[in-house]
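In what follows, a single structure is set out as structure tokens and then discussed.
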Amino acid sequence: MSNHNKIRPVDKNNPNGKYKILFSRPQTKNSNIPMEFRGLQIYNSKFLAEEALRKRKKLTKILEEKRAKGMLGNKRLLGNPGGDKSNLVQYSSEVQKLKNAKIKRAKELFKEGYSKSEILRMIINEFKLDRKFESRSWPKWLTEVE
0 MSNHNKIRPV
10 DKNNPNGKYK
20 ILFSRPQTKN
30 SNIPMEFRGL
40 QIYNSKFLAE
50 EALRKRKKLT
60 KILEEKRAKG
70 MLGNKRLLGN
80 PGGDKSNLVQ
90 YSSEVQKLKN
100 AKIKRAKELF
110 KEGYSKSEIL
120 RMIINEFKLD
130 RKFESRSWPK
140 WLTEVE
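The opening position of the sequence shown corresponds to residue 0 in numbering that gives the first Met the number 0, with each subsequent residue numbered one higher.
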């Protein structure tokens, strides 16, 4: 439960006395939030505390709109272009053709009765792949061959 942006009496025994609001503190020193809306603030009346809280909430809304306007036209808003699958090497047509050829050959060898370990060794030799024979992990495409 957050204690931020709530009006509370300074002294629990005297609810008609001074009031306090704990505003959050920005992480950076150069912020658009004025000092009157940062940290613990004490007010002489509940009316002044309510007024300050209203102003702070209005300021939050204005700053969010300003930030959204500043992001318009920014490509990061639309998503990271590096995450586009068409940019990745494994989705290029040459890599896909090689993968499909390896899968086709592996299925042929599996039907002939070879074990997956033997199939992997034969495919490494046939396609001249840069992979060690002693590798304990099978490529994903080989685990799907049956």
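Glycine is no exception: its CB is placed at the ideal position from the N, C-alpha and C atoms.
Quiz item: To which residues of the same chain is G16 closer than 8 Å at the C-beta, ignoring the five residues directly before and after it?
Solution: Numbered from 1 along the sequence shown, position 17 holds the residue referred to as residue 16. If we look at G16 and ignore the five residues flanking it on each side, its Cβ neighbours are P8, V9, D10.
Quiz prompt | Span of the alpha helix (DSSP H) around K103 | solution = In the sequence shown, the residue the question calls residue 103 occupies position 104. Note, K103: alpha helix (DSSP H), 92-110.
Quiz item: What distance in whole Å lies between the Cβ atoms of F22 and F36, which are believed to be in contact at a cut-off of 8 Å?
Solution: Along the sequence shown, read from residue 1 onward, the residue named residue 36 stands at position 37. Along the sequence shown, read from residue 1 onward, the residue named residue 22 stands at position 23. Confirmed, about 5 Å.
Practice problem: Assign K5 to one of three DSSP states: helix, strand, or coil. | Solution: Position 6 of the sequence shown, counted from the start, is the residue given in the question as residue 5. Looking at K5 - three-state DSSP - the assignment turns out to be coil, as it is neither helix nor strand.
Self-check item: Opposing strand residues paired with I41 [DSSP bridges]
Solution: Along the sequence shown, read from residue 1 onward, the residue named residue 41 stands at position 42. Answer is K19, bridged to I41.
Quiz prompt | Per-residue DSSP class, three states only, for S30 | solution = Mapped onto the sequence shown, residue 30 falls at position 31. Coil.
Quiz item: Which residues in the same chain have their Cβ closer than 7 Å to the Cβ of K106, if we skip the five residues on either side of it in sequence?
Solution: Taking the first residue of the sequence shown as 1, we reach residue 106 at position 107. So the qualifying residues of the chain are V144.
Quiz item: Which first and last residues belong to the alpha helix (DSSP H) in which E117 is found?
Solution: Locating residue 117 in the sequence shown gives position 118, where the first residue counts as 1. First-last of the alpha helix (DSSP H) with E117: 115-125.
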